[in-house]
Amino acid sequence: MQNLQALLVGENAELMIAVPTLLSRAGFAVDIITNNYIFKKHPAIRNFEFVANSDDIAKVVSEKNKNNYSLIVIGDDGTLKKILDSDLSAEEKIELLPIQTRKNLDHIYSKIGLSRVFQEFGVNTPEFRIANDKSELKRSVETLGYPVFVKVDSSGGGFGVFDCSSNDDVEILLNKLQTYPVLIQKKIQGVELDLSGFYQNSKLIHFSYSRIERAKSKFGASVLRTYVQIAHLQKNIFDELVCLGEALGANGFVNIACIKSDHDKKLYFIEADMRPTAWVDFSKFFGDDPAVQIKKFFSNGHTLQHPYPISSAYPDKILLPYFSRIKLWELAINRYYVWRYIPNKDHLAIILYLIIRKIKTMVINKFKPLIPEKHWIRLKRSYQKSRNCILHILVK
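Read in order, the letters of the sequence shown are residues 621 to 1016 in my numbering.
Shown next, in the form of structure tokens:
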């Protein structure tokens, strides 16, 4: 096997926490470019390069000798957007992003671009319209009929998504929506699934199948998932993911979400973010290690095929929690055996950081309404200035 080297780029600790260890198991030496000190002494990272200003990350990465790397992984949506919006040429952007052609740039960090690509390539997706102003939005909703989702083109974490079930909902939205164009998407009643995977040259190398059981908010990050061994899935799901990879020109990790319709039982794809998910390494907990499949591809070009072997030593399905998203009391009592499923147990600093961040969020929610805005802004600035100092101490 060739000497494999990977470059990880980004700043989101939660989304990127498992990636270095996963790639290390797959046979890669992993370097990182980031503005987050928490990764400095990660045991699976060979070279750590700190960029003080996250806006400079695209430029720093572009100056790297990218020929040294078999794989470049952009770790979060914010970094994808920084590269997309940078002054780099289209060819330079394609070298960094997990895509293959100039045309594939259209769907990066764009819900409208993604829906158009799905429609063009015959990937099953909800019926949609695009509105450039208020009048178009109203006409589009009338055409599609309720219920619908109205989605800001570029957003993440559930922000900028509005559930509209009546004219009253639309009127309220029209008064506060400032950003156009927007995507108006027919709401599919059904079960939300995650089919995130890994592609190379548009070929499907690995994916996992899970049902979202609980989320932090209506459109927020998932907290609990029921995973099913992909060996029990029908071939048409594999085929749909192959088609999706070709549509996206996928060349790396893809965070894929869809709805299984209550009406016709079909899968309707609604999301394909071109970066890893926080759950990227969870399938190893039921005998399907993504690192094994990635290593097979880089060793001998092996791609994912149906039928897939059953892991008989593991259950057909399993409920898994994400440790930094469940409630603190659930974490404290080890509900859902959460401590068993913490990624990278060999790197305590990141675990502590994410738990401390969770406590910080809880404190903010409790006390922010009680503090005058001008004082809150000062506190926030002070925290941001001291953040990397705190992380520097944590990773020593």
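No residue lacks a Cβ here, since even glycine has one placed at the ideal position from N, Cα and C. As the structure is a prediction and not an experimental result, all values here were calculated from the model.
Q: Just confirm the distance between the C-beta atoms of residue 934 and residue 870, as a whole number of angstroms; I'd bet it's less than 8 angstroms.
A: That belief does not hold up - the Cβ atoms of residue 934 and residue 870 are roughly 27 angstroms apart, past 8 angstroms.
Q.
Do residue 890 and residue 877 count as a contact pair if the criterion is CB distance below 8 angstroms?
A. yes
(Q) Would you say the beta carbon of residue 790 is closer than 7 angstroms to some non-hydrogen atom of the ligand MG? (A) Among the components modelled here there is no ligand, and therefore nothing to report on the ligand MG.
**Q.** Test item: CB-CB of residue 637 and residue 653 under 8 angstroms
**A.** no
Q) Since residue 813 sits in a beta bridge, which residues does DSSP pair it with? A) 831, 878
Q | Cβ shell of residue 686 (< 6 angstroms), same chain only, five flanking positions each side left out | A | 715
Q: Locate the beta strand (DSSP E) running through residue 714, then write down its first and last residues.
A: Per DSSP, residue 714 belongs to no beta strand (DSSP E); it is in the alpha helix (DSSP H), 710-716.
Q. Between residue 737 and residue 804, is the Cβ-Cβ spacing less than 8 angstroms?
A. no
**Q.** Cβ neighbours of residue 915 in the same chain (closer than 7 angstroms, five flanking residues each side left out)
**A.** 646, 647
Q | residue 888, DSSP secondary structure in three states | A | strand
Q.
List, from N- to C-terminal side, the beta strand (DSSP E) runs of 3 residues or more that fit wholly inside the region 907-976.
A. 937-941
Q) What are the partner residues of residue 823, as DSSP defines its beta bridges? A) 820
Q.
Whole angstroms are fine: how far does the CA of residue 817 sit from the CA of residue 824?
A. 8 angstroms
Q: Flag this pair as touching only if the region 935-949 and the region 716-730 have three or more C-beta atom pairs under 8 angstroms; answer yes or no.
A: no
**Q.** Host beta strand (DSSP E) of residue 853 (start-end)
**A.** Careful: residue 853 lies outside any beta strand (DSSP E) and carries neither H nor E.
Q) Are residue 887 and residue 826 touching if we call contact CB-CB under 8 angstroms? A) no
(Q) In whole angstroms, give me the CA-to-CA distance for residue 839 and residue 879. (A) 13 angstroms
Q. When the distance is taken between beta carbons, is residue 665 closer than 8 angstroms to residue 640?
A. yes
Q: Name the one or two DSSP bridge partners that residue 846 has.
A: 831, 939
Q. Under the DSSP definition of a beta bridge, which residues are partnered with residue 654?
A. 670
Q) Nearest-angstrom Cα distance between residue 597 and residue 910? A) The chain is shown only over 621 to 1016; residue 597 falls outside these bounds and no answer can be derived.
Q) Under the three-state reduction of DSSP, which class applies to residue 659: helix, strand or coil? A) helix
Q: For the region 826-835 and the region 844-852, state whether three or more C-beta atom pairs, one from each stretch, are separated by less than 8 angstroms.
A: yes
(Q) For residue 789, which residues in the same chain have their Cβ closer than 8 angstroms to its Cβ, ignoring the five residues on either side in sequence? (A) 782, 783
Q | Neighbour-count burial assignment, residue 913, 16 or more Cβ in a 10 Å radius | A | buried
**Q.** Boundaries (first-last residue) of the alpha helix (DSSP H) holding residue 783
**A.** Premise fails: residue 783 lies in the beta strand (DSSP E), 781-784, not in any alpha helix (DSSP H).
Q) What's the call for residue 741, buried or exposed, on a 16-neighbour Cβ count within 10 Å? A) exposed
Q. So, residue 694 versus residue 733, is the Cβ gap smaller than 8 angstroms?
A. no
Q: In the DSSP assignment, find the alpha helix (DSSP H) that holds residue 741 and state where it starts and stops.
A: 731-741
Q) Anyone know if the C-beta pair for residue 745 and residue 772 falls short of 8 angstroms? A) no
Q) Going by beta carbon distance, what residues of the same chain come within less than 6 angstroms of residue 649, once the five residues before and after it are set aside? A) 625, 666
Q. Residue 867: buried (16+ other C-beta within 10 angstroms of its C-beta) or exposed?
A. buried
**Q.** CB contact flag (residue 690, residue 918, <8 angstroms)
**A.** yes
Q) How long is the line joining the alpha carbons of residue 949 and residue 660, rounded to whole angstroms? A) 30 angstroms
Q.
Beta-carbon within less than 7 angstroms of residue 855's beta-carbon, same chain only, minus the 5 sequence neighbours each way: which residues are those?
A. 926
**Q.** Run of the alpha helix (DSSP H) containing residue 703, from where it starts to where it stops
**A.** 697-704
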